[in-house]
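Here the structure is laid out as structure tokens; the discussion comes afterwards.
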Amino acid sequence: MRRTLLDLAHTKRVVSCEDGDRIVLLRVADEAALLPEAATLFHEENIHLIPYTLDLDYDFWTVEDIFQAILPENLLEGAPAGFATVGHIAHLNLNDEYLPFKYIIGQVILDKLPTIKTVVNKLDNIDNQFRVFAMEVLAGEKNFVVEQSESTCTFRFDFSEVYWNSRLHTEHGRLVDTFRPEDVVADVFAGIGPFAIPAAKRGVAVLANDLNPKSYEYMLGNIRANKVTSLVHAFNEDGREFIRAAARRALESPLPAYKPHRSLRERRSESRTTPGPRAVSSPLGPPRNKIDHFVMNLPDTAIEFLDAFRGILSTERVGELDVKSVYPDAASLPMVHCYCFTRELESDKAEMDIRERVEKAMGASLEGEVKLHAVRRVAPKKDMYCISFRLPVSVAFAYV
Ligand SMILES: C[S@@+](CC[C@H](N)C(=O)[O-])C[C@H]1O[C@@H](n2cnc3c(N)ncnc32)[C@H](O)[C@@H]1O
1 MRRTLLDLAH TKRVVSCEDG DRIVLLRVAD EAALLPEAAT LFHEENIHLI PYTLDLDYDF
61 WTVEDIFQAI LPENLLEGAP AGFATVGHIA HLNLNDEYLP FKYIIGQVIL DKLPTIKTVV
121 NKLDNIDNQF RVFAMEVLAG EKNFVVEQSE STCTFRFDFS EVYWNSRLHT EHGRLVDTFR
181 PEDVVADVFA GIGPFAIPAA KRGVAVLAND LNPKSYEYML GNIRANKVTS LVHAFNEDGR
241 EFIRAAARRA LESPLPAYKP HRSLRERRSE SRTTPGPRAV SSPLGPPRNK IDHFVMNLPD
301 TAIEFLDAFR GILSTERVGE LDVKSVYPDA ASLPMVHCYC FTRELESDKA EMDIRERVEK
361 AMGASLEGEV KLHAVRRVAP KKDMYCISFR LPVSVAFAYV
């Protein structure tokens with residue numbers, strides 16, 4: 001009967017009647033239209049079709065179906081089909097022409113998506129320092145504290161007070177995957193930790209900074225909740241100061257040595273196979289005092305902070321600490337991963353534009369390894385990129 005049964009999403013195919021009978025709903029209206037296998041069954045079992053009225057009410061229709069039904073015809077094309085979700089919040093960015101319908105749009109989304117408890121609309125472009133935008137609640141409760149998972153970590157934060165963008169999920173994962181577990185990373189604009197905490201989960205030691213006191217507070221909570229307290233050291237200062245101090249901090253107070261992560265199963269099997277006292281996981285190598293990567297995700301202005309790298313390893317910054325044994329040659333200097341926007345939409349021109357701005361800000365040309373990664377198109381004529389390059393010797397040791 002399978003090919004003859006009614007096949008509608010969210011709709012039962014067997015309904016109970018008041019007299020205790022049950023009715024199987026088919027997708028045909030008269031017996032002549034039955035498929036041969038169903039017709040045979042009808043004949044053998046002496047089954048007959050009866051008419052049945054099925055009401056497809058509000059619960060049946062999808063968000064898109066309802067928008068198609070309630071919005072004026074001229075607005076159907078761009079109806080808000082996709083929206084970002086952050087924890088229990090659905091987050092819209094409605095164009096002006098949809099504003100007269102904003103509350104009903106919000107209510108439909110709230111009604112239809114069981115995990116959504118709050119629907120908000122973005123009120124302005126994020127051009128404030130902490131990249132937080134004002135928003136209006138369209139439907140549901142006025143609760144902005146969300147829990148969001150990303151890369152096996154959980155993050156708790158107030159979406160109205162700190163920066164978060166679920167669309168960066170893949171980019172966070174991409175960059176974190178380029179780190180070796182034994183590396184040390186300095187995250188200059190760390191937000192609430194979406195690079196720092198997943199990296200630490202893989203063994204990386206991190207200095208993580210954000211100027212927004214709320215981001216810093218939530219980052220501390222997330223560090224604790226994800227059990228990476230020994231590996232992530234958090235700071236709440238301006239990015240420029242943080243860059244200037246990071247190398248010295250790592251030299252003065254090294255981060256814990258890399259300890260390979262072993263699963264419970266590995267630890268158990270080891271204690272079974274190793275006779276004598278229980279094996280204790282031992283760190284590999286000495287405490288970590290060398291920064292391997294700087295991450296700078298503040299695409300609007302990160303390039304303007306690059307001048308802060310001038311002289312980070314100079315005597316003026318690190319004093320008498322033994323820099324030469326930690327950073328013996330050009331290849332040992334940190335990689336800088338700097339996010340930025342460009343209005344050049346062709347990749348060659350984008351590369352030239354970004355490279356030029358980076359070199360100008362640092363006051364030196366980029367030597368050797370430079371990689372450009374296209375992150376995403378953020379507006380019709382604006383792309384987001386990540387430029388990764390090794391800090392030039394002339395910059396790191398510049399006289400300041
Ligand atoms: C685009 S968000 C990126 C956050 C996080 N890294 C991520 O990928 O989601 C930029 C962050 O930089 C912080 N910020 C803005 N200006 C800063 C400054 N001068 N120094 C340090 N942090 C700053 C903001 O508070 C915000 O959390």
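Residue numbers (full-length UniProt numbering): 1 to 400.
Beta carbons are placed, not taken as given, at the ideal position from N, Cα and C, and that holds for glycine.
Being a predicted model, the structure only gives us computed values, none of them experimental.
Residue pairing by DSSP places Gln148 opposite Phe155 in a beta bridge.
Of the candidates Ala32, Ala374, Gly363 and Arg240, Ala374 places its Cα closest to the Cα of Phe341. Cβ contact annotation for Thr154 (same chain, cutoff 8 Å, sequence separation greater than five): Glu147, Gln148, Asn222, Ala225 and Asn226, in chain order. Minimum Cα-Cα distance from Pro334 among the listed residues Ala250, Ile47, Glu37 and Pro299 corresponds to Ala250.
DSSP places Asp353 in no beta strand (DSSP E) but in the uninterrupted alpha helix (DSSP H) bounded by Ser347 to Met362. By the beta-carbon neighbour count (other beta carbons within 10 angstroms, threshold 16), Tyr339 is buried.
For Glu161, there is no enclosing alpha helix (DSSP H), as DSSP marks it with neither H nor E. Pairing Ala246 with Leu211 gives a Cβ-Cβ distance that is not under 8 Å. By a beta-carbon distance limit of 8 Å, Glu97 contacts Leu75. Their separation comes to about 6 Å. Ligand 1 never approaches Phe157 closely enough for any of its heavy atoms to be under 7 Å from the residue's Cβ. Shortest Cα-Cα distance from Ile47 to any of Leu54, Leu25, Asn95 and Asp59 involves Leu25.
Under the DSSP definition of a beta bridge, Ile387 partners with Cys338 and Leu372. By DSSP's assignment, Gly140 forms a beta bridge with Thr118. One alpha carbon belongs to Pro392, the other to Lys324, and they sit about 15 Å apart. About 20 Å separates the CB atoms of Lys117 and Glu150; that is not less than 8 Å, and the two are not in contact. Considered as a whole, the region 55 to 97 harbours 63 to 70 as its complete alpha helix (DSSP H) runs of no fewer than 4 residues, in chain order.
Non-local C-beta neighbours of Phe101 in its own chain, meaning closer than 8 Å and more than five positions away in sequence, comprise Ile70, Leu71 and Leu75, ordered along the chain. DSSP places Ile50 outside both helix and strand once states are collapsed to three, so it counts as coil. When secondary structure is reduced to three states using DSSP, Lys382 falls in the strand class. Under the three-state reduction of DSSP output, Tyr218 falls in the helix class. Taken atom to atom, the span from the alpha-carbon of Asp322 to that of Gly193 is near 30 Å.
A Cβ-Cβ distance of about 6 Å is found for the pair Ile109 and Val63, placing them in contact under the 8 Å criterion.
With a cutoff of 7 Å, Val162 counts as near ligand 1, since its C-beta is closer than that to a heavy atom of the ligand. One thing to note: Gly191 has its Cβ within 8 Å of the Cβ of Ser215. DSSP, reduced to helix, strand and coil, places His233 within a strand of the structure shown.
Apart from the 5 residues on each side of it in sequence, Arg288 sits with its Cβ closer than 6 Å to the Cβ of Val184, Ala205, Pro254 and Leu255 in its chain, given in chain order. The residue among Arg180, Ile197 and Pro181 with its C-alpha nearest the C-alpha of Asp187 is Ile197. Between Leu231 and Ala200, the beta carbon gap of about 4 Å places them in contact (Cβ cut-off 8 Å). Judged by DSSP secondary structure, Leu207 falls within the beta strand (DSSP E) whose first and last residues are Ala205 to Asn209. Put simply, of Ala139, Arg202 and Lys360 the residue whose alpha carbon is nearest the alpha carbon of Phe309 is Lys360.
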